[in-house]
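Protein chains in written order, with our numbering: chain B, 1 to 190; chain W, 1 to 190.
Ideal Cβ placement from N, Cα and C applies to all residues, glycine included.
There are 2 protein chains.
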Amino acid sequence: MTTREQIIEAADLLFYHQGYAHTSFSHIADAVKISRGNFYYHFKTKDAILDAVITSRLVFTKGLLKQWEDASTTPTERILSFVHILITNQDKIIRYGCPVGTLNAELAKIDHPFQPAANKLFMLFRTWLKKQFIQLGCNEKADDYALHLLARSQGVASLANSFKDKKFIAREIDFMGEWLKQCCEKEALN
Amino acid sequence: MTTREQIIEAADLLFYHQGYAHTSFSHIADAVKISRGNFYYHFKTKDAILDAVITSRLVFTKGLLKQWEDASTTPTERILSFVHILITNQDKIIRYGCPVGTLNAELAKIDHPFQPAANKLFMLFRTWLKKQFIQLGCNEKADDYALHLLARSQGVASLANSFKDKKFIAREIDFMGEWLKQCCEKEALN
DNA sequence: GTCTATACGCCGATAGAC
DNA sequence: GTCTATCGGCGTATAGAC
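What follows is the structure in structure tokens.
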């Protein structure tokens, strides 16, 4: 792995764990075990690292969605794959929150020029979920439902992070499963 | 209003608008129009201001809940009062997110000793909502429903902040109203 | 209570040797 | 490509005059 890739990986993790504002060049340089001076050979500004981290996360997320796409045959199963990241990543979520949500919130708060770029991460999930709901037959409401499920997941991540409660996550996943079932039944009537 | 109170008010606003980490003594001193030196007469450390701000928000929130309690006669109406802050404060939420959620997220991320104190704000809403659901007749599920509604609100605030979308907020409020109606009907059957 | 002056460290960023 | 040395600015925090 090149030094540049190592920097992006370390910055990605530190931005998630400590937040963007709180992470300094020294933190990243220490993590990669290079000097601060060398650091500037690879990235001129802090924003340049953020840009690279967001791009890297976008690539990773596209791969993840593709993987869910290939692993399941029905849209319901695919939507449940999305919901289940709350379980898979529950320890990290309880400790650091949702990586997408917390980055967006932080950048929005300081009015950072890259907030729209970070929002593309949400957009990936939104359009992917919308596609699944269209396949379920909810044509006009597909985008509304996609945003709804995204919001529910964000809310669960946010409260799980504040209350440090795993049982709450499990309960909410059940609620989301019931809601999804209701959606399917409603569509079956039409 | 005393200088101390002015400082707390200015810090409260700045912590909400810019975040805790990003707000410096200079920012607050400028807002109150006092010198940095004078500042330290009132608060020795930055954490001391945070402590005062959290206490102030707790007092304000208790007053708000009491107000909702007095203004409505049915638990359903009271719960809807809670839901409607998303509309009342929608401009601020779109710009800065939820003041409770974003503070909790920020403090959790830097592992700040006052994160549990900030979580008391969520706890106020949780126990108040639980009380309303008990009055609705959902005894065993009251706390689950309280956390559920809190999570839904957090999710809406989070995505509204990222996508800057008012129509989304209105739609989700409708969904929450439907959900609440379903809760009532379910209890009426028992 | 309020001010100015000041200490000291960490920040992002640059210059230049190897 | 990697390093050390260094800059100017801002951060928290203190001392002491008024």
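By the criterion of Cβ-Cβ separation under 8 Å, what are the contact partners of residue i in chain W?
i, result
"N119(B)", "S162, F163"
"G97(B)", "A105, A108, K109"
"F175(B)", "H148"
Return the first residue and the last residue of the alpha helix (DSSP H) that residue i is part of.
i, result
"H112(B)", "Taken as a continuous stretch (DSSP letters only), H112(B) belongs to no alpha helix (DSSP H), as it is neither H nor E."
"A142(W)", "142-163"
"Y40(B)", "36-42"
"K66(W)", "46-71"
"H27(W)", "25-32"
"T2(B)", "It is not in any alpha helix (DSSP H) - T2(B) carries neither H nor E in the DSSP assignment."
"Y96(W)", "90-96"
Using alpha carbons as the reference points, say which of the options lies closest to residue i.
i, options, result
"K109(B)", "L124(W), L14(W), E69(W), K167(W)", "L14(W)"
"S24(W)", "F82(W), S162(W), K46(W)", "K46(W)"
"K62(W)", "W179(W), I134(W), H27(W), W128(W)", "W128(W)"
"F82(W)", "K92(W), D30(W), L65(W)", "L65(W)"
"S153(W)", "I134(W), K141(W), F133(W), D174(W)", "D174(W)"
"F60(W)", "T102(W), L124(W), E178(W), I169(W)", "L124(W)"
"A142(W)", "R57(W), E178(W), P75(W)", "P75(W)"
"F43(B)", "V32(B), H22(B), R4(B)", "R4(B)"
"Y195(B)", "E69(B), L107(B), D70(B)", "Residue 195(B) lies beyond the range of chain B shown here (1 to 190); nothing can be said about it."
"G192(W)", "A117(W), Q135(W), A188(W), R78(W)", "With chain W covering 1 to 190 only, the question about residue 192(W) has no answer from this structure."
"E69(W)", "N38(W), C98(W), T2(W), K131(W)", "K131(W)"
"C184(W)", "A48(W), Q18(W), H84(W), I134(W)", "I134(W)"
"K164(W)", "N38(B), D111(B), Q18(B), L80(B)", "D111(B)"
"D144(B)", "K167(W), L149(W), Y145(W), D144(W)", "K167(W)"
"F39(B)", "T2(B), Q18(B), A71(B), Q67(B)", "T2(B)"
"L149(B)", "I49(B), K92(B), I85(B), A117(B)", "I85(B)"
"A48(B)", "A117(B), L80(B), K92(B), Q67(B)", "A117(B)"
"K181(B)", "L80(B), K92(B), V100(B)", "L80(B)"
"Q18(W)", "K186(W), W179(W), K92(W)", "K92(W)"
Confirm, please, whether the CB-CB distance from residue j to residue i is below 8 Å.
i, j, result
"A192(B)", "G137(W)", "Any answer about residue 192(B) is impossible in this case: the structure gives chain B only from 1 up to 190."
"I28(W)", "I7(W)", "yes"
"Y41(W)", "Y96(W)", "no"
"A105(B)", "T102(W)", "yes"
"R171(B)", "L147(B)", "no"
"R57(W)", "L121(W)", "yes"
List the residues of chain W that residue i touches, going by C-beta distances under 9 Å, in chain order.
i, result
"I54(B)", "Here the premise fails: no neighbours, minimum Cβ distance about 13 Å."
Thinking residue i and residue j are a contact (beta carbons under 8 Å), I'd like their distance in whole angstroms, please.
i, j, result
"D12(B)", "F114(B)", "About 14 Å separates the two Cβ atoms, so there is no contact after all."
"N119(W)", "S162(B)", "5 Å"
"A160(B)", "I94(B)", "5 Å"
"Q191(W)", "I34(W)", "Residue coverage of chain W in this structure runs from 1 to 190, which leaves residue 191(W) outside it and unanswerable."
"C98(B)", "A188(B)", "Going by Cβ atoms, the distance from C98(B) to A188(B) rounds to 32 Å, so no, they are not a contact pair."
What does residue i reach in chain B if we use C-beta pairs closer than 8 Å?
i, result
"G155(W)", "L150, A151, R152, S153, Q154, G155, V156, S158"
"F122(W)", "L159, S162, F163"
In chain B, which residues lie with their C-beta within 7 Å of the C-beta of residue i?
i, result
"H22(W)", "A21, I110"
Residue i touches chain B at which residues, Cβ-Cβ below 9 Å?
i, result
"E231(W)", "This structure cannot speak to residue 231(W), because chain W is shown only from 1 to 190."
Can you name the residues of chain W whose CB is closer than 7 Å to the CB of residue i?
i, result
"G101(B)", "S158"
"D144(B)", "R171"
"L147(B)", "L159, F168"
"Q18(B)", "K109, I110"
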